[in-house]
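Chains as they are written, first to last, in this note's numbering: chain A, 124 to 550; chain B, 39 to 459.
Each residue gets a CB set at the ideal place from its N, CA and C atoms; glycine is no exception.
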Amino acid sequence: MKEIEFKGLNEKIYEHTTKEGLKIYIWQNEKAKGTYMSLAVHYGAIHTDFKVGNKTYHVPNGVAHFLEHVKFNMGKDATAHDAFKRIGGEANAFTTFKFTSYVVYTAQNVEENLNTLLDFVYTPYFTKSLINKEKGIIVEEAKMGLDDPYSVSYFSFLKQLFHKSHFRNEITGSPEEINATTVDDIKNVYNAFYHPENMFLVVTGNINPYEIVKITEENLDQKQFKKFVKPQITKVKEDKSVVKAHQELELKMTTPEFRYAIKVPRKNFKNISDRELTVYLSLFGQINFGPTSEFRENLREKELVSSFSCSFSFIEDYVIINFYATTDYYQEVEKAIMEQLQHYSLDKNEFERKRKVELANLILKFDDVIYVNECLQNDIISDGKIVNNIKSIYENLTLTKMQELVEKVDFNNKATLLIKPEKNDKA
Amino acid sequence: MTYKTYNCNSYTIHTIKTDKFKTCHMEIIFRKPVVKEDLPKDTLMVDVLTETTKKYPTRRALVCRLEELYKASFWGLATKIGNVLNTNFVIDFVSPEYIPEEKYLEDVLSFPFEAILNPNVINDEFASLPFKLCQKRTIIDAKSIDEDAFRLSISKTLQALGDTPTAYKMTGTVEELENITPGILYDHYKKLLKDNTCDIFLIGNLDMDKAAEIIKKAFVKRVITKTHLEMHVKNALKKRVTEKCEKSKFIQTNLNILYNVTDLSDYERNIVFNIYNYILGSGGITSKLYQEIREKNSYCYAINSMYLKYDGLLMIHVSLDEKNKANAIKLIKKVMKNMAAGKFTEEDIDDAKKNYELSLSLTLDNQVAVLNNYVFKVFDNLPDLEERIALIRKVSYAEVVKVANKLKMNTIFALEGESGE
Numbered sequence: 124m125k126e127i128e129f130k131g132l133n134e135k136i137y138e139h140t141t142k143e144g145l146k147i148y149i150w151q152n153e154k155a156k157g158t159y160m161s162l163a164v165h166y167g168a169i170h171t172d173f174k175v176g177n178k179t180y181h182v183p184n185g186v187a188h189f190l191e192h193v194k195f196n197m198g199k200d201a202t203a204h205d206a207f208k209r210i211g212g213e214a215n216a217f218t219t220f221k222f223t224s225y226v227v228y229t230a231q232n233v234e235e236n237l238n239t240l241l242d243f244v245y246t247p248y249f250t251k252s253l254i255n256k257e258k259g260i261i262v263e264e265a266k267m268g269l270d271d272p273y274s275v276s277y278f279s280f281l282k283q284l285f286h287k288s289h290f291r292n293e294i295t296g297s298p299e300e301i302n303a304t305t306v307d308d309i310k311n312v313y314n315a316f317y318h319p320e321n322m323f324l325v326v327t328g329n330i331n332p333y334e335i336v337k338i339t340e341e342n343l344d345q346k347q348f349k350k351f352v353k354p355q356i357t358k359v360k361e362d363k364s365v366v367k368a369h370q371e372l373e374l375k376m377t378t379p380e381f382r383y384a385i386k387v388p389r390k391n392f393k394n395i396s397d398r399e400l401t402v403y404l405s406l407f408g409q410i411n412f413g414p415t416s417e418f419r420e421n422l423r424e425k426e427l428v429s430s431f432s433c434s435f436s437f438i439e440d441y442v443i444i445n446f447y448a449t450t451d452y453y454q455e456v457e458k459a460i461m462e463q464l465q466h467y468s469l470d471k472n473e474f475e476r477k478r479k480v481e482l483a484n485l486i487l488k489f490d491d492v493i494y495v496n497e498c499l500q501n502d503i504i505s506d507g508k509i510v511n512n513i514k515s516i517y518e519n520l521t522l523t524k525m526q527e528l529v530e531k532v533d534f535n536n537k538a539t540l541l542i543k544p545e546k547n548d549k550a
Numbered sequence: 039m040t041y042k043t044y045n046c047n048s049y050t051i052h053t054i055k056t057d058k059f060k061t062c063h064m065e066i067i068f069r070k071p072v073v074k075e076d077l078p079k080d081t082l083m084v085d086v087l088t089e090t091t092k093k094y095p096t097r098r099a100l101v102c103r104l105e106e107l108y109k110a111s112f113w114g115l116a117t118k119i120g121n122v123l124n125t126n127f128v129i130d131f132v133s134p135e136y137i138p139e140e141k142y143l144e145d146v147l148s149f150p151f152e153a154i155l156n157p158n159v160i161n162d163e164f165a166s167l168p169f170k171l172c173q174k175r176t177i178i179d180a181k182s183i184d185e186d187a188f189r190l191s192i193s194k195t196l197q198a199l200g201d202t203p204t205a206y207k208m209t210g211t212v213e214e215l216e217n218i219t220p221g222i223l224y225d226h227y228k229k230l231l232k233d234n235t236c237d238i239f240l241i242g243n244l245d246m247d248k249a250a251e252i253i254k255k256a257f258v259k260r261v262i263t264k265t266h267l268e269m270h271v272k273n274a275l276k277k278r279v280t281e282k283c284e285k286s287k288f289i290q291t292n293l294n295i296l297y298n299v300t301d302l303s304d305y306e307r308n309i310v311f312n313i314y315n316y317i318l319g320s321g322g323i324t325s326k327l328y329q330e331i332r333e334k335n336s337y338c339y340a341i342n343s344m345y346l347k348y349d350g351l352l353m354i355h356v357s358l359d360e361k362n363k364a365n366a367i368k369l370i371k372k373v374m375k376n377m378a379a380g381k382f383t384e385e386d387i388d389d390a391k392k393n394y395e396l397s398l399s400l401t402l403d404n405q406v407a408v409l410n411n412y413v414f415k416v417f418d419n420l421p422d423l424e425e426r427i428a429l430i431r432k433v434s435y436a437e438v439v440k441v442a443n444k445l446k447m448n449t450i451f452a453l454e455g456e457s458g459e
């Protein structure tokens, strides 16, 4: 078993790959009462078009999430929930754009819980009647999203930023897409992606890493897996431009909301990992737009915003710089953002203070078993590996490099969205 | 974990020493009876007090100071727990063992008292700009309930109870908030140290004697407030169930059914009712309500029963298509009737016990949850975790049936959605 050391943080992750190809990552915390286990598959909401061997598949939006729902069925009148209830485990699952994860949280019977997790995820049981029964449930879940104006606003903005990307679509799919899903769609996806070689297990808690590996290996030994043929995801070629520079919508909101985003091709930033780039950009955002910035204090003094935030995300081959404000004066806020971007600050004292604080806080990352588990899953999905050099990333940051990176951003490639409260809103 | 209490005459410090976590957490809790017309002021006041201080008169200065304290986070919150209004000031900070500065503990523990005792006040009024920003934010929050179908339906359901603390809105109305001036709020603030009892709870890997000394030095409360605080609201039973529907612009219908829970003993309230509720609808997908409404009929994504312990109420909430509302009501009534008739198994009880015990055990990994257990032990004699687990294990089938017969329907409220599929 490999040990991945987190230098300077006195922490390590155990890594092992079973002969079936399942990667296992383990963090041991002897002070924890609970154990958190997640079995995740590299298959998420954006993967609707793929090829296995010579065969091409297209499935409706929302299939990843649909599969997550029906995966809990283990046989006629048998569900994983019943099994976990009997052994004392809190089971759940979630679907993101890029992956699907099945999780169990427990403080007892770790071995039985882990076996049950592996058993239910690797036991396909999909019938027409179960798929039909689930449609009503998922449609109601999708409608909950449609009743949430923040969710509607978020996806409207993604549609404004991206021409073709699957990130434009709700993770649940629309009610029509949910109703169009067939048992064959579910089976095709399961057969193509739910293979140990395309999955990983993360276990965090007061556990013996060797024990976890032994339980997993013994469990998988009893299962049959076909030879894995890696599915090829059909990549969407997304144009550099935004779909619409400015848009105004009316939603069931009580306060106007303003979104502003800059779309930057990832390839503009050369020789830098996603993680390092994230650290640089978020520090840049904190210095220029965070609560300790002059920019924010000016907005407050002029009473222009009630709330404001700046964040970054990686979508397709682009880095998106996001600004969000609740404001009655969106044009003034837009102008202020543009001015700050043109005359951005790279103050050395601010930079050093924030870096020092971030470094001291890295130690806190390793405390909570759920948080650590989620961070490890995100590392694997975003970076393809455990990022164990985060301390050295912070230690080696320089203002010169930050300046170089910021210069690569074309601040004019942007989109803005204004959400206005619906008129005569009675709700 | 080691528990220690320090009596400081006008307030008490309760500490839990543990090396389990890398951060520490402190809550300063002021308590007084709920007064309806004061609630908007209570809500706004805690926001204003944590926004800026005399020493850090801009938000920028205050956040910079928190960053210097290694990104400590500091906030305040006013909440209603039954008949009692809690005003909490909270600080989370890195455990001093990871920080090189010697004065760090003193600086970080003193910080909240700077905000409480030395507010940003000019000529007997809160400073205008931070006040206005907080007022606007609170008004937005008060209005925002109209964009959240779940919150709106819950609020409207509780309004049907009439004039009771359970139904009072924390923010009051927009008009009430607009009528608060910096001067009025400052007068209200002056009562904080006089009219409220105060308890301070601290958890972390700290020298607690030293921490208590720092707090005593930083916090001088001159008035000893002794008020008996009865937390439990006695919401009146209704001779006839209130049935009410309101149209909305939401897609889904949000249906709530409210029950009074009557005459529970402490044991039933703290232990048995949780087992009953787990089987009924708080236990997730295997609960009776989930099985009937979601799994058998596909009417909803989620259905939950929420036990409002300090209000003596149980609320069932479900969001669904309007066309399924009438059937869902029938099915919920059927499930409640079956529970009262004891139509559940010993196995259901064992599963509920096992899972409730699991949830309690898992709270030991969360320092805020550990602290909250202690807070409610102090304020409401809630048995500590080990005692509760021992009591859970003893719960019998007959005891669960008995509490299932102590519910009486009060209100059916539906915030009706616009359309079906």
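Bridge partners of B/E284 according to DSSP: B/L453.
For the pair B/N315 and B/S343, the CB atoms are nearer than the 8 Å cut-off.
For B/R97, the nearest CB of chain A lies under 8 Å from its own CB, placing it at the interface with that chain. Burial is judged here by how many other beta carbons sit within 10 angstroms of a residue's own beta carbon; A/V233 has at least 16 and is buried. B/S111 has B/D130 as its beta-bridge partners, per DSSP. Not one beta carbon of chain B lies nearer than 8 Å to the beta carbon of A/E293.
Distance check between A/G157 and each of A/E320, A/V492 and A/F534 places A/V492 closest, using alpha-carbon atoms only. Taking a Cβ-Cβ threshold of 7 Å, the residues of chain B close to A/L487 are K60, T61 and V132, in chain order.
One finds L400 and D403 in chain B with Cβ atoms closer than 7 Å to the Cβ of A/G157, taken in chain order. When DSSP states are grouped into helix, strand and coil, B/K276 belongs to the coil group. Each residue's CA atom was taken as its position, placing A/N501 and A/F323 some 12 Å apart. Contact annotation: B/N411 and B/D422 have beta-carbon atoms nearer than 8 Å. Sorting A/Y447, A/K256, A/Y403 and A/N196 by C-alpha distance to the C-alpha of A/E518 places A/Y403 at the top. Exclusion of the five residues before and after B/M353 leaves I192, T195, N294, I295, L296, Y297, S343, M344 and L346 as the residues of its chain whose Cβ lies within less than 8 Å of its Cβ. Put simply, the CB of A/R423 is near chain B, with a gap under 8 Å to one of its CB atoms. B/M64 places its beta carbon less than 8 Å from that of B/L147. Looking at A/V164, A/I254 and A/C498, the one whose alpha-carbon comes closest to that of A/V193 is A/I254.
The C-alpha of B/A442 is placed about 9 Å away from the C-alpha of B/K375.
Neighbourhood of B/R332 in chain A, by CB distance below 7 Å: I260, in chain order. For B/V299, the closest of B/A378, B/Y337, B/K232 and B/L231 by C-alpha to C-alpha distance is B/A378. Going by C-alpha positions, A/M267 is about 20 Å away from B/A364. Judged by DSSP in its simplified three-state form, B/V271 adopts coil rather than helix or strand.
Remark: C-beta atoms of A/S429 and A/E361 do not approach each other more closely than 8 Å. Residue contact with chain A for B/K207: absent (no Cβ-Cβ distance below 8 Å to any residue of chain A). The alpha-carbon of B/L155 is positioned some 25 Å away from that of B/K74. Under a criterion of Cβ atoms nearer than 9 Å, no residue of chain A is adjacent to B/N410; the nearest Cβ is some 16 Å distant.
Taking 8 Å as the threshold, the shortest C-beta distance from B/F149 to chain A does not fall below it. Boundaries of the beta strand (DSSP E) around A/M160: T158 to V164. With distances taken between CA atoms, A/V244 lies nearest to A/T223 out of A/T223, A/G408 and A/Y228. Under the criterion of beta carbons closer than 8 Å, A/V227 and A/L241 do not qualify as touching, at roughly 10 Å. Residues of the stretch 213-242 of chain A with a C-beta less than 8 Å from any C-beta of chain B: E213, Y228, T229, A230 and Q231, listed in chain order. Of the candidates B/C236, B/S399 and B/K70, B/K70 places its Cα closest to the Cα of B/E268. DSSP lists no beta-bridge partner residue for B/R98.
Excluding five sequence positions before and after B/R332, the CB atoms of its chain that fall closer than 8 Å to its own CB belong to I323, C338, Y339, A340 and I341, given in chain order. Residue contact with chain B for A/G211: present (Cβ-Cβ distance below 8 Å to some residue of chain B).
Ranked by Cα distance from B/D301, the options B/E284, B/G319, B/A274 and B/I317 are led by B/A274.
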